[in-house]
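J.: The following block contains the structure, expressed as structure tokens.
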Amino acid sequence: MYLDSASSEPLHPAAREALLAALDRGYADPRRLHASARDARLILDNAREAVAGALGVRRDEVSFTPSGTDAVHRGLLGLLSGYTSLPSKSAHVITVAHPAVEHSSVLHALAWRPDLRARPLRVHRDGRVDLDHLTQLGDHDLLALQSANHEVGTLQPVAQAAAGGRPVFMDACASMGRLPLPDGWSVAAGSAHKWGGPAGVGVLLVRKGAPWRSPFPADDRVDERVSGFENVPAVLAAAAALQAVVAERDEVNARQHALIDRIRSRLSQISDTEVVGDPVERLPHLLTCSFLYVDGEAIVDALNRRGFEVASGSACTASTLEPSHVLAAMGALTHGNIRLSLTRGATEADVDAFLAVLAPTVAEIRKDAGM
Amino acid sequence: MTADLELDCRGLFCPRPVIELAQRIGEVEVGQTVAVASTDAAAAYDIPAWCRMRGQEYVGTEPDNDGVPRYLVRRVS
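The listed protein sequences correspond, in order, to chains A and B.
So in our numbering, spot 146 of the first sequence is number 146, and the numbers just go up one at a time.
Take any residue in the second sequence, note its place counting from 1, add 1000, and you have its number in our numbering.
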């Protein structure tokens, strides 16, 4: 049973259908003037229109990028470039405030620009950014703030944080499609494979009038904000999945939210277990918890052998051998960590099958460890 | 700061240092301290988290003579 939709949601049937239909049509260069090109261009324009409608933004605010990571890099660094090019800001070191729990793509983008000053913000125990710390800082130019945390699911107070008036870059990859976009951002990023579209499609949103300027070399394509030949069929599939997910989300979210609540309450019966993240103000489909004395790699392997596929933020499961920076910033237990995230079709029977296996698996690993 | 029990967990990966601490804290009296020397990156987060979850007091950290952090825990129950 696949319980890792927060890493990548299986392709939505609407995306599959759109992708297959567009594969034979969307090959031509949408910048050319012949009939095949106009067909590809039409598909691209329709996809842009559909995404704008699904997200409640203007059509000219939507760009398609080759990945969610590219949308984050382009969005955040482009906001920085645009802000720096404002006449009043050119001679000053730009400070970017961000909670310590931002996705690594945001942290890597900031680290890539040694000329800026990144100011990590404290988070509360549930992972929510400490707005008092933001107020105390006071001197930041820009704010990078995720819509929801990708590891623990906690929603961030984007509109409240944006009320300070500083431009906000919002990494919305974890929530786009699943939840309406909050207010207050100037530039935002999303990733299609997180909502059931194909991989290789990101969405960059730039609010009209936002100080954004491309941070990378220009390209002479349909959309001047991005570069590279457009993957027209995949973009259409991403848009179709987004429309479907938005149309279905009231029902899906309510079901997933209740299933996660069910898991949360049952986890309280396993001793020495820490469930992290906000129990209510959270993504509907995701739950993260840590079991004392349990090796993260061992539990992921053991669950996989029993047919349940989950992610982990424990150090032993990371290529760096460092524990999750999100859990660390929250002061949560980092070992014995699993993140499970439900696909759109998850049922109560699925969740109960998982729960039936989880407690004995934890007990077995603890026993092997001498606990 | 000297401790009443020194646990050398150099080279052990998580969750071993925390398991060592849990298994051996009973060897000191309530009010006494245990020091865990650990090279594992996760210990910096997991030893304070263990104290919080198990109701023990996390005193703090200081480097040992070789620079390896020693995490100090006071037994309170």
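For each residue, glycine too, the CB sits at the ideal point set by N, CA and C.
The structure presented is a predicted model; accordingly, all values stated were derived computationally and were not measured.
Are the C-beta of V986 of chain B and some C-beta of chain A separated by less than 9 Å?
T.: Only positions 1001 to 1077 of chain B appear in the structure, and residue 986 of chain B is not among them; the question remains open.
J.: Give the secondary structure of P360 of chain A by DSSP, where H, G and I count as helix, E and B as strand, and everything else as coil.
T.: In this structure, P360 of chain A counts as helix in the three-state DSSP scheme.
J.: Measure from the C-beta of Y1045 of chain B to each C-beta in chain A and report whether the shortest distance is under 9 Å.
T.: Chain A, which has a Cβ nearer than 9 Å to the Cβ of Y1045 of chain B, makes this yes.
J.: Less than 9 Å between the C-beta atoms of H150 of chain A and A118 of chain A, yes or no?
T.: Not closer than 9 Å, so no.
J.: According to DSSP, D4 of chain A sits in a beta bridge with which residue or residues?
T.: D4 of chain A is bridged to A:S341.
J.: What are the start and end residues of the alpha helix (DSSP H) that includes Y83 of chain A?
T.: Here the alpha helix (DSSP H) through Y83 of chain A covers G68 to T84.
J.: Quick one: which residues of the region 319-334 of chain A get their C-beta closer than 8 Å to a C-beta of chain B? List them in chain order.
T.: Hits within the stretch, in order: L321, E322, P323, L327, A328, G331, A332, L333 and T334.
J.: Ends of the alpha helix (DSSP H) at R48 of chain A?
T.: Run containing R48 of chain A: A35 to L55, per the alpha helix (DSSP H) assignment.
J.: Expressed to the nearest angstrom, what Euclidean distance is found between the alpha-carbon atoms of G376 of chain A and V187 of chain A?
T.: Not covered by the structure: residue 376 of chain A. The range shown for chain A is 1 to 371.
J.: For A159 of chain A and chain B, any beta-carbon pair shorter than 9 Å?
T.: No, because no Cβ of chain B sits closer than 9 Å to the Cβ of A159 of chain A.
J.: Using a C-beta to C-beta distance shorter than 8 Å, which residues of chain A count as neighbours of Q1023 of chain B?
T.: Here the neighbours are G370 and M371.
J.: Alpha carbon to alpha carbon, how far is V1073 of chain B from V1028 of chain B? Give it in angstroms, no decimals.
T.: Their backbone Cα atoms lie some 11 Å apart in a straight line.
J.: Please classify T320 of chain A: is it buried, with 16 or more other beta-carbons within 10 angstroms of its beta-carbon, or exposed?
T.: It counts as exposed.
J.: List, in order along the chain, the chain B residues whose C-beta lies closer than 8 Å to that of K283 of chain A?
T.: Here residue 283 of chain A is Leu; the residue named in the question, Lys, does not match the sequence. The contacting residues do not exist; L283 of chain A stays about 23 Å from chain B at best.
J.: With which residues is R1074 of chain B paired in a DSSP beta bridge?
T.: Answer is B:T1033 and B:E1057.
J.: First and last residue of the beta strand (DSSP E) that includes E1006 of chain B?
T.: L1005 to C1009 is the extent of the beta strand (DSSP E) around E1006 of chain B.
J.: Mind checking the region 268-282 of chain A against chain B and listing, in chain order, the residues whose C-beta falls within less than 7 Å of any C-beta there?
T.: Hits within the stretch, in order: D272 and E274.
J.: Should M170 of chain A go down as buried or exposed, given a rule of 16 or more other Cβ atoms within 10 Å for buried?
T.: It counts as buried.
J.: Is there a Cβ from chain A that is less than 9 Å from the Cβ of M1001 of chain B?
T.: M1001 of chain B does not count as touching chain A.
J.: Kindly indicate which residue of A:A40, A:L20, A:Y2 and A:D115 has the alpha-carbon position closest to the one of F229 of chain A.
T.: Nearest C-alpha to F229 of chain A: A:A40.
J.: Mind the definition here: the region 320-338 of chain A touches the region 239-255 of chain A only if three or more C-beta pairs lie below 8 Å; say whether that holds.
T.: Because the criterion of three Cβ pairs below 8 Å is not met, the region 320-338 of chain A and the region 239-255 of chain A do not touch.
J.: Applying the 10 Å Cβ sphere with the 16-neighbour rule, what's the burial state of T1002 of chain B?
T.: By the 10 Å Cβ count, T1002 of chain B comes out exposed.
J.: Beta-carbon of G56 of chain A versus every beta-carbon of chain B: anything under 9 Å?
T.: It does not; no Cβ of chain B falls within 9 Å.
J.: If we require 3 or more residues per run, which beta strand (DSSP E) segments fall completely within the region 163-241 of chain A?
T.: List check, beta strand (DSSP E) in window: 168-171, 187-191 and 202-206.
J.: Give me the residue from B:E1020, B:Q1056, B:R1075 and B:G1055 with the minimum Cα distance to A1037 of chain B.
T.: The candidate whose alpha carbon is nearest that of A1037 of chain B is B:E1020.
J.: Can you check the region 257-295 of chain A for any beta strand (DSSP E) of at least 3 residues that lies completely inside it and give the ranges in chain order?
T.: Runs found: 273-276 and 286-291.
J.: Measure how close the beta-carbons of L142 of chain A and V96 of chain A come, nearest whole angstrom, since I'm counting them as under 8 Å.
T.: Going by Cβ atoms, the distance from L142 of chain A to V96 of chain A rounds to 5 Å, so yes, they are a contact pair.
J.: Which residues share a DSSP beta bridge with S63 of chain A?
T.: BP columns for S63 of chain A point to A:L204.
J.: Closest to R213 of chain A by C-alpha separation, out of A:L76, A:A37 and A:Q160, would be which residue?
T.: If we check each option's Cα against that of R213 of chain A, A:L76 comes out closest.
J.: Does D1008 of chain B have its Cβ less than 9 Å from a Cβ in chain A?
T.: Judged by the 9 Å Cβ criterion, D1008 of chain B is not in contact with chain A.
J.: Do A47 of chain A and V232 of chain A have their C-beta atoms within less than 9 Å of each other?
T.: Cβ distance < 9 Å, so A47 of chain A and V232 of chain A count as in contact.
J.: When you compare the CB of D295 of chain A with every CB in chain B, is at least one pair closer than 9 Å?
T.: Answer yes: the Cβ-Cβ gap between D295 of chain A and chain B drops below 9 Å somewhere.
J.: Is the region 172-181 of chain A touching the region 194-202 of chain A in the sense that three or more CB pairs, one from each, lie closer than 8 Å?
T.: Yes, the region 194-202 of chain A is in contact with the region 172-181 of chain A.
J.: Are S63 of chain A and A71 of chain A touching if we call contact CB-CB under 9 Å?
T.: Yes, the Cβ-Cβ distance between S63 of chain A and A71 of chain A is below 9 Å.
J.: Using a cut-off of 9 Å between C-beta atoms, extract the partners of C1014 of chain B located in chain A.
T.: Neighbours of C1014 of chain B on chain A, chain order: D295, G296, S314, A315, C316, P323, T334, H335 and G336.
J.: Roughly how far, in whole angstroms, is the beta-carbon of A14 of chain A from the beta-carbon of A241 of chain A, given that I think they are within contact range, below 8 Å?
T.: Sure, about 6 Å apart at Cβ, within 8 Å.
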